[in-house]
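Each residue of the sequence shown is one higher than the one before, starting from 6 at the first, in my numbering. Cβ coordinates follow ideal geometry from the N, Cα and C atoms, glycine included.
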Amino acid sequence: QTDLAVVKIEAPARVQFVPAEAGDSDRLRVGEFVIAIGSPFSLESSVTLGIVSQKGRSIGLLPYEDFIQTDAPINPGNSGGPLINVDGQVVGINSLIQTAGPYSRGSIGIGFAVPINLAMSVANSIIRYGKVERPWIGILPENMDPAVIRGMLGGEHGVLVARVLEGTPAEKSGLKEGDVIVKVGGRPVGSVRELQRAILEHSVGDVVDLLVRRGDQRVTLKVETAPMPNFRGRR
């Protein structure tokens with residue numbers, strides 16, 4: 006669901022692999038230079054340069070999307086290669102490209118990479134559990150009307166807690182219906198999608214700080230994430 010997998014490689018005798026250094030994709034800024042490495046059209050170890058065009062892109066192809074958009078030329082064969090910042094740190098994994106049409110396979114300056122923070126969270130879950138255990142806190146969130154944001158929050162964005170499910174981490178943390186979640190782990194959230202992204206960047210069992218608006222008060226709650234239940238087939 007995130008187009009990622011983990012591959013285990015057995016090192017030959019007397020060979021020691023040196024892993025690439027992971028950066029912090031949350032600290033990427035729009036306009037920052039990035040480098041894409043891959044093997045487009047089987048041309049191994051090709052390097053292209055571009056910038057971060059935008060962050061947090063959703064294109065409607067995968068259930069969980071938080072893409073880095075870049076204009077670094079990415080072509081078929083680049084998928085799975087690293088997106089690197091100017092310090093040589095991996096900040097993303099190249100995944101998709103936008104083409105000019107069904108008969109065009111080349112780059113038109115719109116490529117997408119999975120942020121390394123999300124990729125590492127998924128990889129750690131696969132290594133630990135053998136599958137992706139997605140973190141969950143147990144609420145039904147809703148986006149807030151802009152007029153309500155201006156009137157109730159003084160322009161500060163947040164996500165409304167429409168319902169707290171019984172017996173969930175959210176209930177145990179003291180989160181209440183009507184609360185407005187403003188930040189998750191220090192990261193501002195202004196929509197349901199941003200809230201989901203912020204939670205998904207953590208692992209199951211992590212204790213996450215929630216900054217909440219409750220009436221005129223600001224409250225910080227600690228919630229321990231749990232595995233997301235499988236709701237498939239339930240009505």
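{"Check": "Beta-carbon separation (whole angstroms), Pro140 vs Leu205, contact threshold 8 angstroms", "Outcome": "7 angstroms"}
{"Check": "Environment of Pro151 [buried if 16+ CB atoms lie within 10 Å]", "Outcome": "exposed"}
{"Check": "Which of helix, strand or coil DSSP assigns to Arg139", "Outcome": "coil"}
{"Check": "Range covered by the beta strand (DSSP E) that runs through Pro87", "Outcome": "Pro87 to Asn90"}
{"Check": "Own chain residues within Cβ distance below 7 angstroms of Ala27, not counting five before or after", "Outcome": "Gln94, Val95, Ile121 and Met125"}
{"Check": "Those runs of the beta strand (DSSP E) which lie wholly inside the stretch 138-212 and span at least 3 residues", "Outcome": "144-147, 164-169 and 185-189"}
{"Check": "Candidates Val209, Val39 and Phe22, of which the one nearest Ile14 by Cα", "Outcome": "Phe22"}
{"Check": "Validate contact between the stretch 39-50 and the stretch 77-92 using beta carbons, cut 8 angstroms, 3 pairs", "Outcome": "yes"}
{"Check": "Range covered by the beta strand (DSSP E) that runs through Ala118", "Outcome": "Gly116 to Pro120"}
{"Check": "Range covered by the beta strand (DSSP E) that runs through Gly55", "Outcome": "Ser51 to Arg62"}
{"Check": "With 16 other Cβ atoms within 10 Å as the buried cut-off, status of Arg202", "Outcome": "buried"}
{"Check": "For Val224: DSSP bridge partner residues", "Outcome": "Val217"}
{"Check": "Leu9 in three-state terms, based on DSSP", "Outcome": "coil"}
{"Check": "Rounded straight-line distance, which links the Cα of Pro78 to that of Leu48", "Outcome": "14 angstroms"}
{"Check": "Residue environment, Thr225, which counts as buried when at least 16 other CB atoms sit within 10 Å", "Outcome": "exposed"}
{"Check": "Nearest-angstrom Cα separation, counted from Val11 out to Val137", "Outcome": "11 angstroms"}
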